[in-house]
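Take a look at the structure below.
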Amino acid sequence: MRPLLTAFLAAGLAACAAADPDPGQTVKITPLGSHAGEFCAFDRALILEDPNGTRLLYDVGRTVRGADDPRLGNIDAVLLSHAHGDHLGDRHQSGADAGTCAQPDASVSDAPQSGTVKVAVAKKAKLLVGGEMGSFFQKKLAAAGGDSGQVQLVRFGGERDVHGVAVYSVPAVHSNGLSPAFLEGEHAQALEANGLTAYMGPPGGFVVEFTNGLTVYLSGDTGHTAEQETLVRRRFGAELVVMNIGGIFSTGPAEAAFVINELVQPRSVIASHANEETTVGGQVKEGSKTAAFIALTEAPVYPPLSGRTMAFDARGNCVSGCF
Ligand SMILES: [Zn+2]
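Below, the structure written as structure tokens:
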């Protein structure tokens, strides 16, 4: 029986290899932060590049220095988790390394258009949003010189294709109020006067399946969610997680570590949204939230050092550029 068994296993492995789409290729992830080589307070934006060249920009934030930021290059799709100003882009840094890592300069206003809309229009990129954000951004893009057809709504359970890269919407437990600074007219003033925001539907995160087989979970701003186990792990098997660790507004280090260790169980993690100076000279500071998160997390955690490209294989292993 042994030769037969061996032949059977070999055939099975060959079938697996044939079905596995180019596992030797890597997904390249480049953080666009405020200070080169560091992980700083406002850092959120990442470029994720598929082996086929498709480039996704996740949460523009305040550190993308306008639509002509030379770090952007070609962008096929912008993914927006929710409409809070530090993700949508209410203002941005005036120049490379402006301000300190703890308090980056973000003196250039992008309201009422937003950094997200400006980048999507300039790059003629798709803009993927969930909740009630679709019709809002259709109007915004059209008013800013873009095409309302660039906006692609994707709600929980749904999927969009970007040149062979599958983008799924998954829940985030957070909030999603739009500041009146992005609105015009008398209703904006009424909201502002009453300290209210505009309803944009639920916030979200994303699961992205790249063509080499790597599946990445982008948490958005969130607390623990049951779907981190039921969907992100059991349905999608995410092997790389970009995880918010800032606390107060989302899971902090201990709660984020629980999400990683118990719920998602990925191969690798990139910390995000620390809301503090995390590194000096590219080294994680003792006593920082990221240091606590690293200590509590079983999988390797990589700080997103601005401008340093990390490459991940199909299994979520970092094969270059991780520190
Ligand atoms: Zn938020």
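Each residue of the sequence shown is one higher than the last, beginning at 0 in numbering that gives the first Met the number 0. Don't be surprised by glycine CBs; every beta carbon is placed ideally from N, CA and C.
* To do: Tell me the start and end of each unbroken alpha helix (DSSP H) in the segment 210-274 that is at least 4 residues and wholly inside, in chain order.
  => Those alpha helix (DSSP H) runs which fall completely within the segment 210-274 and span 4+ residues are 252-257.
* To do: For ligand 1, list every residue whose C-beta falls under 5 Å from any of its heavy atoms, going in chain order.
  => Taken from the N-terminal end onward, the list reads 83, 220.
* In angstroms with no decimal places, state the Cα-to-Cα distance between residue 328 and residue 191. => The chain is shown from 0 up to 322; residue 328 falls before or after that span and cannot be answered.
* In angstroms with no decimal places, state the Cα-to-Cα distance between residue 254 and residue 280. => Their Cα atoms are separated by approximately 27 Å.
* Hey, could you find the ends of the alpha helix (DSSP H) residue 306 is sitting in? => DSSP places residue 306 in no alpha helix (DSSP H); its state is neither H nor E.
* Asked: Quick one: does residue 305 have its CB under 8 Å from some CB of chain C?
  -> Protein chains in the displayed structure number just one, and chain C is not present.
* Asked: Taking the alpha-carbon positions, what's the residue 227 to residue 263 distance?
  -> When rounded, the distance between both Cα atoms is 6 Å.
* Asked: What three-state label does DSSP hand residue 10 in the structure shown?
  -> Caution applies to residue 10, whose pLDDT of 49 falls short of 50 and renders its modelled position unreliable; the value that the coordinates give is listed next. In the three-state reduction of the DSSP assignment, residue 10 falls in the helix class, which pools H, G and I.
* **contact_flag[the segment 215-223, the segment 97-105] where n(CB pairs < 8 Å) is 3 or more** => Flag = no, the segment 215-223 and the segment 97-105 do not touch.
* Tell me residue 90's beta-bridge partners as DSSP assigns them. => Answer is 108, bridged to residue 90.
* To do: Rank 214, 177, 218 by C-alpha distance to the C-alpha of residue 199 and give the top, closest one.
  => The candidate whose alpha carbon is nearest that of residue 199 is 177.
* **Residue from 322, 85, 315, 303 whose Cα sits closest to the Cα of residue 46** => Of 322, 85, 315, 303, the smallest CA-CA separation from residue 46 is found for 303.
* Taking DSSP as the reference, what is the three-state secondary structure of residue 56? -> Three-state DSSP puts residue 56 in a strand.
* Asked: Can residue 170 be considered in contact with ligand 2, in the sense that its beta carbon sits closer than 7 Å to one or more heavy atoms?
  -> Ligand 2 is absent from the structure shown, which contains only ligand 1.
* Stretch-stretch touch, CB-based, cutoff 8 Å, three pairs: the segment 137-154 with the segment 169-176 -> Counting Cβ pairs under 8 Å, fewer than three are found: no touch.
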